[in-house]
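Protein chains in written order, with our numbering: chain A, 821 to 1086; chain B, 27 to 317; chain C, 529 to 887.
Down below is the structure, laid out as structure tokens.
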Amino acid sequence: MSLLSLDGVTLKFGGVTAVNNLSLSVEEGQVFALVGPNGAGKSTVFNMISRFYRPVTGSITFDGRNLLNHKAHEIANFGIARTFQNIELFEMATVLQNLLVGRHRHRRSSLPEQMFFAGRIRQEEREHRHAVEEVIDFLDLQPYRDTRIAGLPYGVRKVVELARALSTKPRLLLLDEPASGLSVEETQDMRWWIDDIRRQMGITVLMVEHDMGLVSKVCDRVLALADGAKLAEGTPAEVQSHPAVIEAYLGTSAISKTANARGERV
Amino acid sequence: MDVLQLLLSGLANGCVYGLVALGFVLIYKATEAVNFAQGDLMMLGAFVMVGLVNPQYMGLNFWLAVPLALLIMGALGYMLDIAILRFMFGQSQTAVVILTIALGFVIRFVAGVIWGHEPQNLHSPLALGDVRMGGVVLSLADIAVIVVTLALTLGLWQFFQRTKLGLAMQASSQNQMAAYYMGIPVKRVQGAVWALAGVVACVAGILYASKGTLAISAGFIGIKAFAAAVIGGFGSLPGALMGGLIVGIIEPFAARYFPAGYSQIAPYALLILVLVFRPHGLFAQVRVKKV
Amino acid sequence: MRFHFKTSYDHDIRLFPDWWNFSLYAALLLVLLGLPWLIDSFYLGEMTNVLIWSVAGLGLMLLTGQTGQVSLGHSAFMALGAYSCVNFMELGLPFLAAFLLAGVFTGIIGGIIAVPALRLHGVYLAIFTLALSILMDDLIVILSPWTGGVNGYFAPEIWIFGIEINRWSAPETWYYLALGTALMVTFFYRNLLRSPLGRSFAAVRDSEISAQAMGVDVARTKTLAFGLSCAFAGLGGALMGLFAGAFNNETFNFLISIQLLMAIIIGGLGFIHGAFLGAIVIAFLPQFLSIVTDQLGSTSIPGLETGVFGMILIAFILFEPMGLYGRWLKIRTWLQLFPFARRDMFRRQKSYLKTERLR
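In structure tokens form, the structure reads like this:
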């Protein structure tokens, strides 16, 4: 059984159909990419999985559990973590504190224990920090550990957001445009990290990405969306050469040209 | 007849609340800031008028003093923007709220120093006559309040819907940077709004002072007017007037039919009910942020 | 400049980062404990007042500084604390039990009120809480069997373990009561900050949407913040009412909540130190002003206190939004880096306002 599956999901905003009868399934251990032009509904799919939006019809199942029966804050408890397209970090807190919020779902101590800082909490805090330090090591964030987010450059924020998502120790990681706005070197780093996240940590990844170079290097499976509906699905190479995809990106006349020169980027 | 009398006097009171609420909404629509000092601006406008008209001060003719007072308050509103609010550019709504609360404190203090803390009466021609219509007594001031309020609301509403400046004001509240890029002089527009808010506050103040005695604490009706603005919905000018009328009409009826002690809580109880069941006022404008 | 070389996780978790820091606060505590021998009873009373304001300020700070929710209604909860404390005492409870129970009771009521309130954002929450504090004034009159109505209450005698806490015959007893409460609340506050709950407060303040994505139940977190905040404010209110000797519906009018909010902003939003610094300003400003007006030989000017307070607040919001404590942090950094501090180091980033109608 697949880890995450969307079945016939439709979402409308007023009269606009943002996602139309979309089905997809992500297998455990896969790196799965959603591609498509702006406004195709990719982020909307993420927001439905995060339960910020509720689809009109269809179902979303994660590990045999119907996500639509749960609230947004419960999703993280099932082992789904995410990043955001326009970085949503806790600006006034340090990197370390941001990552520790990621440990929220692993907390066990009660309110009195926290107020008196007695009992389990001290040991628990040590464990949180241990877990967070591993993520910091993995993503090379040591220089920024005690810096406030408000003073960090864009590229670092992007990594901090990935780190915060990893701190939750998820089974499924949703990455919303992990490489957008990053330099070539930073995109390279991101590529190795995604590879390692899958290989070393065994985390399944579902990502939205425009950079087809990155997608074709790290992904097993790609789904192309246009106007909220599925256009094509398959391996990166299959999707890139799919006529409907080329048409959606470049217009009909371009099909013949791109057939010969199938580049890295669409 | 009793009911009709209560209704009409409530209507006149409600119009004053509505006028102050109009000031709130004006600034909110144009700058997305909430001006908690609007009630105190109204009080100040009334005292400026007292200072111009009453014999122990300057003793000017009432109708000469009206445009002068409007001008003074408009200039003051503009100056407040230049001297203080312009520096709040880009800061959070909450910071502006607290700033304007503090501004209200300062205005009350300054007015107290200039005009003293004793209640005063404005020598207004509106305060003299009564009009009788079939058993219902209405003062001239009450009628003036109702007429002026309706006209002003309609005018401002049209201004926001139709004129270029009105649209520019709305645009700059939604997204300052984008408004800049579209060539709207955001800062000047803000100054204009504050000047306009000063003028509206002055109108409200003159009408308020014509209806009865005036004291420094009159600024606190800003709180009731604020409740009115929230009840009516913050983004809408007719809504603000409606909210003002609702609060104004509830008060005399509550005072008449509820036991003493319960009547004055009616507007706030209504406010809390509205906020609990319609968290963003009767005309909601809040949408969920896109991520 | 001192560096903290962290060698274990406990380094981060500890209340004091190093021995120097610990000795600094230990010295401060010693001075505070010895204060009754250092200053006369008038200033001891003023210090008691400062500590009482600090307790209430810490309560509001938890909500506004930590969780980002503005309340203009904390005077209502201070009143609730004061009245419930006296009522518990009249039921025969010893003072200490009644006092702590009043805090818990106020916290629970606050948490219940938070349920509808927490759906509101920003200005709407502010006006909701403002309405609460105005309503409280009238409610106290309506509920006169429990509150004494407009006649109010005279503070009952207070005994803790056989010692009478009396403002007039033994001002130091009151001072220690206030100091003990302030220390307790600070201890709770500090512990929350290093716990998951404190971090989820900050998460809710900075981005509700990603707090949710991290598994933080925003509604529950806000309710807890509101409840805890009210509990602390209730303790502060109980002390304030009892310290005043007599209190009625006007003791806790809505201007008190506005003053409290102003105090924590002047002190520095989001810092424990800020609550104390703000309390010092609010408690000593009237003294200071009366000395100044005496020096100038003029009679007292009505409304001067609130007017000057408003001006100070405007100055702070315009020029130092981080408050007194924020200013001190900057001065300290400047001294530590001397002579290498750059002029624009603390420049605020220019930002543009976007509509807050989107949430």
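Positions of the beta carbon are idealized from the N, C-alpha and C atoms, including for glycine.
9 Å Cβ cut-off: residues of chain C touching residue 104 of chain B
For residue 104 of chain B, no chain C residue has a C-beta closer than 9 Å to its own C-beta; the minimum C-beta separation is roughly 17 Å.
Counting only the same chain and skipping the five closest in sequence on each side, list residues whose C-beta sits under 6 Å from that of residue 232 of chain B.
Excluding its 5 nearest sequence neighbours in each direction, residue 232 of chain B has C-beta neighbours in its own chain below 6 Å: 75, listed in chain order.
Residue 155 of chain B versus B:148, B:145, B:166, B:162, residue with shortest Cα-Cα distance
Checking every option, the nearest Cα to that of residue 155 of chain B belongs to B:166.
For a contact meaning CB atoms closer than 7 Å, what does residue 214 of chain B contact in chain C?
Per Cβ cutoff of 7 Å: no residues; residue 214 of chain B is ~16 Å from chain C at best.
Just the chain A side, please: which residues come within less than 8 Å of residue 742 of chain C by C-beta, in chain order?
By Cβ distance, chain A contributes 896, 901, 921, 922, 924, 925, 984, 988.
DSSP state of residue 951 of chain A mapped onto helix, strand, coil:
Residue state for residue 951 of chain A is assigned as helix, using DSSP reduced to three classes.
So, at 8 Å on beta carbons, what are the nonlocal neighbours of residue 133 of chain B in its own chain, with the 5 sequence-adjacent residues on each side left out?
For residue 133 of chain B, where only same-chain residues beyond five positions count, the Cβ hits under 8 Å are 63, 66, 67, 69, 70, 245.
Could you run through the region 869 to 880 of chain A and flag, in chain order, every residue whose CB is less than 9 Å away from some CB of chain C?
Listed in sequence order: 870, 871, 872.
Could you tell me the alpha carbon to alpha carbon distance between residue 184 of chain B and residue 601 of chain C, rounded to whole angstroms?
Roughly 37 Å separates the two Cα atoms.
Three-state class that DSSP yields for residue 989 of chain A in the structure shown:
Residue state for residue 989 of chain A is assigned as coil, using DSSP reduced to three classes.
Could you check what DSSP says for residue 63 of chain B in three-state terms: helix, strand or coil?
Secondary structure of residue 63 of chain B (DSSP, three-state): coil.
Please tell me whether residue 839 of chain A and residue 846 of chain A are closer than 8 Å, where the distance is taken between their beta carbons.
Between residue 839 of chain A and residue 846 of chain A, the gap from beta carbon to beta carbon reaches 8 Å or more.
Should the region 1036 to 1054 of chain A be called in touch with the region 873 to 882 of chain A, which here means at least 3 C-beta pairs below 8 Å?
Output reads no: the region 873 to 882 of chain A does not touch the region 1036 to 1054 of chain A.
Three-way DSSP call (helix, strand, coil) for residue 893 of chain C in this model
Because chain C in this structure spans residues 529 to 887, residue 893 of chain C falls outside the shown range and cannot be described.
Counting only Cβ-Cβ distances shorter than 8 Å, please list the residues of the region 845 to 872 of chain C near chain B, keeping chain order.
Interface annotation for the region 845 to 872 of chain C against chain B: 845, 846, 849, criterion Cβ-Cβ distance under 8 Å.
Apart from the five residues on each side of it in sequence, which residues of its chain come closer than 6 Å, Cβ to Cβ, to residue 496 of chain C?
Here chain C covers residues 529 to 887 and nothing more, so residue 496 of chain C does not appear.
What does the Cβ neighbour count give for residue 732 of chain C, buried or exposed, with the cut at 16 atoms within 10 Å?
Per the 10 Å Cβ criterion, buried.
Closest Cβ-Cβ distance between residue 746 of chain C and chain A: below 8 Å?
Chain A contact via Cβ: present.
If we count Cβ pairs, one from each stretch, closer than 8 Å, do we get three or more for the region 714 to 730 of chain C versus the region 637 to 652 of chain C?
No, the region 714 to 730 of chain C does not touch the region 637 to 652 of chain C.
Grab the span of the beta strand (DSSP E) containing residue 687 of chain C for me, first residue to last.
686 to 688 is the span of the beta strand (DSSP E), which, as asked, contains residue 687 of chain C.
Between the beta-carbon of residue 920 of chain A and the beta-carbon of residue 727 of chain C, is there less than 8 Å?
For the 8 Å CB-CB criterion, residue 920 of chain A and residue 727 of chain C form a contact.
Identify which residue in A:886, A:987, A:1066 has its Cα closest to the Cα of residue 1017 of chain A.
Residue A:987 holds the alpha-carbon nearest to the alpha-carbon of residue 1017 of chain A among A:886, A:987, A:1066.
By the criterion of Cβ-Cβ separation under 8 Å, what are the contact partners of residue 941 of chain A in chain C?
In chain order: 723.
Name, please, each residue of chain C whose Cβ falls closer than 9 Å to the Cβ of residue 254 of chain B.
Those do not exist, as residue 254 of chain B stays about 11 Å from chain C at its closest Cβ, beyond 9 Å.
Would residue 1061 of chain A and residue 1030 of chain A qualify as a contact pair, given that the criterion is a beta-carbon distance under 8 Å?
Against a cut-off of 8 Å, the Cβ pair of residue 1030 of chain A and residue 1061 of chain A comes out as no contact.
Flag this pair as touching only if the region 586 to 606 of chain C and the region 626 to 633 of chain C have three or more C-beta atom pairs under 8 Å; answer yes or no.
Flag = no, the region 586 to 606 of chain C and the region 626 to 633 of chain C do not touch.
Distance cutoff 8 Å, beta carbons only. Does residue 734 of chain C sit that close to anything in chain B?
Interface with chain B (8 Å Cβ-Cβ cutoff): residue 734 of chain C is excluded.
Using a cut-off of 8 Å between C-beta atoms, extract the partners of residue 505 of chain C located in chain A.
The requested residue 505 of chain C does not occur in the structure, where chain C is confined to residues 529 to 887.
Neighbour flag for residue 716 of chain C against chain A, beta carbons, 8 Å
Yes, contact with chain A.
Can you give me the Cβ contacts of residue 543 of chain C inside the same chain, cut-off strictly under 7 Å, excluding the 5 residues immediately before and after it?
Spatial neighbours of residue 543 of chain C in its own chain (CB-CB distance under 7 Å, excluding positions within 5 residues in sequence) are listed in chain order as 718.
Would you say residue 720 of chain C faces chain B, with C-beta separation under 8 Å as the test?
Not an interface residue.
Consider the Cβ of residue 885 of chain A: report whether some Cβ of chain C lies at a distance smaller than 8 Å.
It does not; no Cβ of chain C falls within 8 Å.
Distance cutoff 8 Å, beta carbons only. Does residue 910 of chain A sit that close to anything in chain C?
Closer than 8 Å to some Cβ of chain C, the Cβ of residue 910 of chain A qualifies, so yes.
Would the beta-carbon of residue 761 of chain C fall within 8 Å of that of residue 634 of chain C?
Yes; because the gap between Cβ atoms is below 8 Å, this pair is in contact.
Nearest residue (CA-CA) to residue 865 of chain A, options A:961, A:1015, A:1043, A:1063:
With distances taken between Cα atoms, residue 865 of chain A lies closest to A:1043.
Identify every residue that forms a DSSP beta bridge with residue 880 of chain A.
For residue 880 of chain A, the pairing in a beta bridge is given by DSSP as A:826.
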